[in-house]
Structures are given as structure tokens and as C-alpha cells.
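The structure appears right after this line, and notes come after that.
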């Protein structure tokens, strides 16, 4: 489907097919849903109905997304080849038309070169214009087909019958270069649009890729590898270190730490023990375990996330481009003016050459009303705006995000990886002993053997030192508490308060006070002790980015509401919110809750920008009016989002919104000048000045004026390069 009107045509055809109760078509994701009576109509009948109007329906495919993606890729490659060949053939036509128009066989050569451009490479414009006409509609394709078709046919007539005009004292001009260049420019615009649309399904495919293809189930104490689609509720599944969990279930033996960041967004893996739940798509860390399948197929949390992303993308009706909306009115008006011009000249024109002047003026109207300036108004501004964004570390996927960005009045921020760095790090380490170098080596050696995810933060902070070469004895991992080992006949411990209490290790009041302060600031505390005393206390937290507070204040100064959402606990969320100057936040929210909150704001009339970095943010990103992903986040978040902030600096958010405002401003200026050009040019082309001073606009001058309008639009767009964000 090439435009929103195509989606309307397909939907209408489906709805009028006997046996169909209801149907809907989404232009954005190129998908349809149909409610029908299988006794009255088959899927093949629906496919045939769609094929009868020039489209197709994918049915009975094992992997319909792959089939659709392949079809879109073929279409994109075809469009790319057509654009290249159109440009190759148009260049010599333009050179001949501008510099060698009086050369031998110049018209014939231009005809031969431009014919395949207009009716071969540009065939889709004529086909789509015909489809629109069948449904009583017009769009840019109609204007392209009319202007290029009439310019080409008029030029062909003048090439083979120049004496018709010579007999009337008029030079027979040709406009082959105009027709060819219009087709080339519009094909280029379509190519850029298709490039943006080609990635719409990649996020869904990557989400689906989180689920493994095969799984090991336990039958009669033997492990059997089977396809994940064949897993049934109640079966026992084995998961080894580093593997993805295939379905939702409950642990029955073993223990491990599981990376659930795709659901919660939190960077610290969650400890899993017997009777605790695990979820499809999450990643097992270091331990092995067995679990019993509780939810499979479409019932898993991962499947629900996939479905909600699809629903959020599909629920947004495609925003018909401003130029297409204008063209819907502009095209019939231009055609009417051209017809009226012909009639007026036939009735009131000079008797000796009324037909010649009537035809000439009506064609001049269509030529001067060429959609080049109108068609270039938006894409040139968007192209320069996107380039300006890239210069400022902002990758912009499509025009719609730039069009909407300036209207944003509410920004929703994920906490982990967006406001914060998204990785646990040591924020403080206080030694209670003077033997720092020796004890550091022992601490690193202990943490190097620990499976706890916070151990890596300690190792990163202290550096490898010489700890990994120390030989520890009697190493023991104490589930839910920490680790212990002996070195030089002394037992050392690394873990939480519970471990120290079990071993009867005294904690001095000063240490207790310090620990309470850290915990109040939502930091995790790790103790390092020997058999009798605490040797060190370590604070670990997900640190707030340096630029977060300033960026949030900038947004608030512009009158934009700022919210924070996180799957973390209320204490941690409150501490982070207070630090960055936020008063409105939500804690312990699931992915669906984030999307629901965005929708709630939209229902209250807000234009919402969502900023996130994880798979758990993908639903909310898809739901938001403008979506931004942090450049160091997950591939899926970046695929769903319309913008990606490469630096992961929140300071890029106000820059992106300002870029949107300036780009939309330029688009409006371009459209204004394109319309002023037509408002002045069309009446002059129709001959409105003839009764006063005998002036008639030559079609060649009309073509030059058309080119000048395009140059002015492009020049205005290029001004965006010099703006400061």
C-alpha cells in the first residue's frame, strides 16, 4: 500500500465481501484483521477480493512476518532501481532541454529518453491515480500523473505536429524534461519514505527472537530436546547457565540469578529459588535449575509484550502527511481551473486562434501547478532536520516524530539506563582496617568466585589487583546471604547483614549509622568481615547521570510536565526522583503499566514523549506520540522508538524537541511559499493579465517558474543547517 487511501480501499473491499462481519486495515504496519463467517467465505475468497483491486493478502504462511518482510524488501529494491534509472535517463533530457533544444532530433531524443521514465519507471503513479479515481479520491499521485502525462502528451504532439502551431504563429515548445524530472524527484521521495517504513516490523522480530527455538524437557529422568512450540503446561524444563528461559513457570529444583531487565528494566539479576516464578525471554545467569511450565505460547509475559507492542503500533491511525491532505483539495481545484481556463478561452478568446490559446493556457496551468515545490516542501526540510539531528547525536527515524515533537507537553522517563547509568557501581567503600592493600586482594579473590551480580561492581571498582592469583580454601556460596572462604587460616565473609548476624559478628554503632544513611539513599550495602569484625563496608547503587538533573530542569522551564517510571522499589525511586528534582514518579511498574500510564496522559490531552532504554519500555515507546531510546539501550527499544539519543545524554531531549519546532517552522514556510507561488502563478498562467496588457505566460516560462519555486524551497530548508540547538 502506497498511501492511506490505499488502506481505505482495501478495508472497504474487505468489508463489502459477503460473509465478512467487520474488518480493519492499518497502513503503518501493513496489516489487516478480518472478522468473518468461515461457512460463508474462505480465506482464499478474501485473498481473491484483495487481488482484484491490485493488492495481496498473506494467508496460510508458516511465518507471515517473514513473507511480508521479504515482499517489502523486494518492493524497496524495485523502487531503488527505478529511482536510479529515472535519474540516469533524466539527466541527458535536462541537458538537451536546457542547452541543445534547437539541435537536430533534440525533441525526438528527449521523447525516447523520457518515455520510459514517465510510463515505465513512473507507471505506479498512473496506476495509483487510477485506483484513487475509481474510489472518487485524489492525491499527489493524481497530480503527478496528470501534470506529467499531459506535459508528455502535449510535447509528443508538438514533436510530430509542429506545423499545427507554426500555422498559428506560435512556437511549439516541448516539456519532456519537466515530465521526467517530476517523476525522478517524486520517486526519490517515495524511496526515502519506504526506507523509514521498512524497519517497522524488525522490533517485533527481535522480541520474537528472545524466545529460544528448542527446549530441553525432562521425561522419565531423561532430557529430551523438543521445539518450544510443542511445550505443554506442566512439563518439567531444564535451564543451564547463559540460556534463555523458554516459557513462564515455577522453579522446582536448583537456584540461580536471572536477568529480568527485559521485564523490570532493573540491571541487577534477581535470585531465583524453589517455588519462585521465572518468565519467558529472561536470561539465566550462572546456576542451573529445573522448572515446571505454567504458561506457554501466547499466554507468556513475553508473548503479551509482543502483542501489546503490536496493538500500540496498530492503534495509531497513520497520520496522513500534510502535503497529501493539501493535495486532496489542491488537485481537484487545479484541474477545475485548467478546465475553466480552456472553456473561458474557447468562449471569449480571439476567434482566429481560440483553441490554440485555450489549450496552451490550460496546459500552462497544469505545468505551473506542478507538485515539485509542494512535494519538496516537507521532505527537504525533514532531510536537513534529520542531518542536523545526527550532528547533535540524535538519530531520527521518520518525519512524523519531527512533526509531533514540537507539540510535546509531557515527557515520561524510565529510571534505569535513562536517568541513571543502568549498571550497578560502587559509590562508596570505607575500610575499617589499615591493611587495605592485603585485604583488597582477599576481597577481590572472594568476589571473583562469587556468582552474585554485585560482585562484578566490587571487582570493577578495586581492579583485578592480585586477588585472582590468591588461593582460597573452603570457598562456600551461601544462598541469599553471600560467600565465605579461608585464607591463611582466617575465614573471610562478603555478604549482607543477615550473614553477619548468623556468624555473631559485632557491628560498631558508627558503622551502623553509616549503613543506615546509605540505605536511606537507596544504596545496597555489602559487608566484608573476618571471623570477628567488620573490615569494610561497601555501598553499591545505579548512579545518576551527571546531565540528568539539568536536562529535567530545562524541560520543566519550558512548561513540559516530566514523570519518572521504574520497576524499582518506592524507596530507591523516591531517592532518585528527589536528587533530579522530580515530584511525580511511579515505582514497581510493569511494562504494561508504563504503556497504560502513557495512554492515561494521552487521554488527558497530553502529547507524550516516552524516553527509555530497555525491552520493558518497548510497549510504552510504541504507545507514545514521540518515542526516544537511549543509544546504549536494547536494540528493541531503539527499533520501536522514533528517535535514538546516541550519547544517552538526557540533554539531547530538549534539543530534539527544539529541532522539531524549527523543522516544522521551515516546513510551514516552505508550504506557504509553494502556495503563494501557485496562488500568483496559476491565475497568470490562466491568462488573467491578457485583458489588461495582452500578456500570456509561455509554458516554458511556467516550467522555469516551477523550477525556481523548487530552488527557493530547497534553499529555505538548507537554512536549518545553521541553527543552534
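In the UniProt record's numbering, the protein residues as written are 1 to 725.
The beta-carbon is built from N, C-alpha and C at its ideal position, and this holds for glycine as well.
Ranked by Cα distance from residue 251, the options 724, 514, 289, 617 are led by 289.
The segment 223-233 makes contact with the segment 241-248: 3 or more CB pairs, one atom from each, lie closer than 8 Å. Apart from the 5 residues on each side of it in sequence, residue 689 sits with its Cβ closer than 6 Å to the Cβ of 695 in its chain, given in chain order. Taking each of 128, 574, 134, 67 in turn and checking the Cα distance to residue 584, the smallest one comes out for 574. Taking the C-beta atoms as reference points, residue 341 is found nearer than 9 Å to residue 685.
DSSP lists no bridge partner for residue 339.
Beta-bridge pairing by DSSP links residue 259 to 283.
If you draw a straight line from the Cα of residue 557 to the Cα of residue 385, it is about 24 Å long. The C-alpha of residue 55 is placed about 11 Å away from the C-alpha of residue 11. Taking the Cα of residue 489 as reference, the smallest distance to any Cα among 692, 419, 474 is reached at 474. For residue 495, there is no enclosing alpha helix (DSSP H); the residue is part of the beta strand (DSSP E) that begins and ends at 490-495. Within 10 angstroms of the beta-carbon of residue 677 lie 16 or more other beta-carbons, which makes it buried. Pairwise C-beta distances place the segment 93-102 in contact with the segment 175-183, as three or more of them are shorter than 8 Å. In the DSSP assignment, the residues bridged to residue 270 are 258.
Here residue 542 is bridged, per DSSP, to 424.
The segment 545-574 contains, as complete alpha helix (DSSP H) runs of 4+ residues, the segments 548-557 (chain order).
Note that the C-beta distance between residue 641 and residue 612 is below 9 Å. Counted as a single uninterrupted DSSP element, the stretch harbouring residue 526 is not any alpha helix (DSSP H) but the beta strand (DSSP E) occupying residues 524-529. Residue 410 is positioned such that its CB atom lies closer than 9 Å to that of residue 560.
Judged by DSSP in its simplified three-state form, residue 599 adopts helix.
Separation of the CB atoms of residue 653 and residue 551 is rounded to 6 Å, and the pair is thereby assigned contact status at 8 Å.
Residues of the same chain with a CB within less than 6 Å of the CB of residue 498, apart from the 5 flanking positions on each side, are 481 in chain order. For residue 661, the uninterrupted alpha helix (DSSP H) segment begins and ends at 652-686. With fewer than 16 other Cβ atoms inside 10 Å of its own Cβ, residue 711 counts as exposed. For residue 610, DSSP records a beta bridge to 412, 627. Straight through space, the alpha carbons of residue 359 and residue 718 are spaced by roughly 38 Å.
When Cβ pairs closer than 8 Å are counted between the two stretches, the segment 614-627 is seen to touch the segment 581-598, the count reaching three or more. For residue 163, there are no CB contacts under 6 Å within the same chain when 5 residues up- and downstream are skipped. Residue 397 has no beta-bridge partner at all, per DSSP.
Contact check for residue 25 against residue 36 fails: the beta carbons are separated by 9 Å or more. In this structure, residue 432 lies near residue 537, with their beta-carbon atoms less than 9 Å apart. Under the 10 Å beta carbon count, residue 588 is surrounded by fewer than 16 other beta carbons and is classified as exposed. Beyond the five residues adjoining it in sequence on each side, residue 243 comes within less than 6 Å, by CB distance, of 284 in the same chain, given in chain order. In this structure, residue 212 lies near residue 228, with their beta-carbon atoms less than 9 Å apart. The alpha-carbon of residue 506 is positioned some 49 Å away from that of residue 222.
Using a 10 angstroms sphere on the CB of residue 502, the tally of other CB atoms stays under 16, which defines it as exposed.
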